[in-house]
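I have placed the structure first, in the form of structure tokens, so that the comments after it can refer back to it.
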Ligand code: SF4
């Protein structure tokens, strides 16, 4: 049983360590994926996975369309109102599902399924229903009560009766984008979404039997103040979602064009951002939410909390997740899959994705097959990000290495983090402290063999 220290907020430490870094939804991160990785490498990974015992599957389905741009958005998405565009996309997506389904055979139950985007509910009920039926024809979907079939919902894009229809298709979890309930903040980011619309949807999802509801918030948005965000947090807490993700807004207009429409002078300064983070932690933990790590909170009875205690939590492209043993198949433009020790990403441009599928090829654009060093480091980084502790002996035994010898340089570098109070280096374990939990990626970065020079900002900041 892994009992983590409760998170504590240390403003001075955060100020000192607030620097750009990866979120480690994978290791190596997507920046390291290689363009010379292709369909043959992917097929070899599928074959190796079959030989290793063909574990159950997790599917990720990407729907890239949105009807209007939220200015803070850093996702890969296509703004359109054209239903024909969606039809053209669905045609190709279904063909890719056929190709991938044929590779995995019929015996591998889909225990997890996630529809993300963009806005999956850009598709209407008939389109979504047709897509689910197609998936069921090519992969063994299940109706077992413990399945995790989730869909991201933009409350502005659906009617209140949508959850009942989605439940009938097999979905039993949803995550709703909220960001902030304050009307002025909503206008400043071009996402006007009345509170009542979101609350009615949550109620309707509960009546339809959705077992898990997750909400996304963002702090650091234009015009946000602690007073305004406190009202949003109070409203969210009263709605009692099972999980909450509270992301830090990363203003990088040089990388994400829509962010250019956010007025820099409207953004909260560093001290206000810190106050917003402190407020979030204080309010959510007082309301009984458990801090999982990296922006994620969950109610104590949630599977994420259980998995963290039992040491089975994993980090993947959706954030934190259970069932690390599943292979993850990515479907749709830009989606990323993980088969055994291989990551593979589909084409990022729609025209490239269409051209590959039309030619009967898997639309894989890049990826990486992990070598030994990647696998050791991934295990260490996963443990730090998921369980806030690394058992040096366990890693040593698992990989046949002398941990202290293998990570001599890293252990030396960790000493300064130890004297700053982020980690404790014991005989057997490296443990992130209560104050270090908000800076866990800074600890993980010590073990990252690929980090670019600190001057090149390709990642968001820690806070
Ligand atoms: S935040 Fe979500 S709904 Fe808004 S543009 Fe980005 S992907 Fe679309």
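Residue numbers (my numbering): 36 to 498. Glycine is no exception: its CB is placed at the ideal position from the N, C-alpha and C atoms.
- When the five nearest sequence neighbours on each side are left out, the beta carbons in the same chain lying within less than 6 angstroms of the beta carbon of residue 135 are those of 364, in order along the chain.
- Shown here for residue 70: same chain residues with a beta carbon closer than 8 angstroms to its own, the five before and five after excluded, namely 400 and 401 in chain order.
- In chain order, 235, 236 and 239 place their CB closer than 7 angstroms to the CB of residue 195, counting only its own chain and leaving out the 5 sequence neighbours on each side.
- Residue 282 carries a strand assignment under DSSP once its states are collapsed to helix, strand and coil.
- Residue burial is scored here from C-beta neighbours: residue 428 has fewer than 16 other C-beta atoms within 10 angstroms and is therefore classed as exposed.
- In the structure shown, residue 52 falls within a helical segment according to DSSP collapsed to helix, strand and coil.
- In this structure residue 275 is exposed. Its beta-carbon is surrounded by fewer than 16 other beta-carbon atoms within 10 angstroms.
- Shortest gap from the CB of residue 189 to any heavy atom of the ligand SF4: under 8 angstroms.
- Taking residue 280 as the centre and dropping the five residues before and after it, the same chain places the C-beta of 251, 330 and 331 closer than 6 angstroms to its C-beta, in chain order.
- Uninterrupted alpha helix (DSSP H) stretches at least 4 residues long and entirely within the region 41 to 125 occur at 46 to 52 and 74 to 86, given in chain order.
- Taking every protein chain shown into account, the CB of residue 407 has fewer than 16 other CB atoms within 10 angstroms, so this residue is exposed.
- A distance below 8 angstroms between beta-carbons, with the five flanking residues on each side excluded, links residue 319 to the following residues of its chain, in chain order: 268, 272, 279, 281, 326 and 332.
- About 4 angstroms separates the beta carbon of residue 255 from that of residue 284, a gap short enough to meet the 8 angstroms contact definition.
- Where residue 165 is concerned, the enclosing alpha helix (DSSP H) starts and stops at 160 to 173.
- Counting only residues of its own chain and dropping the five nearest sequence neighbours on each side, residue 43 has a CB closer than 6 angstroms to the CB of 469 and 470.
- Counting along the chain, the unbroken alpha helix (DSSP H) around residue 419 starts and ends at 407 to 422.
- By alpha-carbon distance to residue 83, the top candidate from 139, 266 and 123 is 139.
- Bounds of the beta strand (DSSP E) holding residue 379 are 377 to 381.
- Under DSSP, residue 235 forms no beta bridge with any residue.
- The secondary-structure analysis by DSSP pairs residue 349 across a beta bridge with 356.
- DSSP, read as helix, strand or coil, puts residue 287 in coil.
- The three-state secondary structure of residue 134, taken from DSSP, is helix.
- The set of residues with a C-beta under 6 angstroms from any non-hydrogen atom of the ligand SF4 comprises 101, 104, 105, 108, 110, 112, 152, 153, 154, 189 and 212, given in chain order.
- Counting along the chain, the unbroken beta strand (DSSP E) around residue 365 starts and ends at 362 to 366.
- Assignment of residue 389 by DSSP, reduced to helix, strand and coil, places it in the helix class.
- Residue pairing from DSSP leaves residue 140 without any beta-bridge partner.
- Taking every protein chain shown into account, the CB of residue 360 has fewer than 16 other CB atoms within 10 angstroms, so this residue is exposed.
- Checking the DSSP bridge columns, you'll see residue 150 partnered with 96 and 186.
- Contact between the region 101 to 121 and the region 52 to 65 is not established, with fewer than three Cβ pairs separated by less than 8 angstroms.
- Within the same chain, Cβ atoms closer than 7 angstroms to the Cβ of residue 346 are found at 37 and 422, the five residues on either side in sequence being excluded.
- Here the region 178 to 191 makes contact with the region 221 to 235; the two share three or more CB pairs at distances below 8 angstroms.
- A residue is called buried when at least 16 other Cβ atoms come within 10 angstroms of its Cβ; residue 183 meets this threshold and is buried.
- Here residue 141 is exposed. Its C-beta has fewer than 16 other C-beta atoms within 10 Å.
- When the beta-carbon positions are compared, residue 380 and residue 41 stay at least 9 angstroms from each other.
- Of all C-beta pairs linking the region 196 to 206 to the region 154 to 174, three or more are shorter than 8 angstroms, placing the two stretches in contact.
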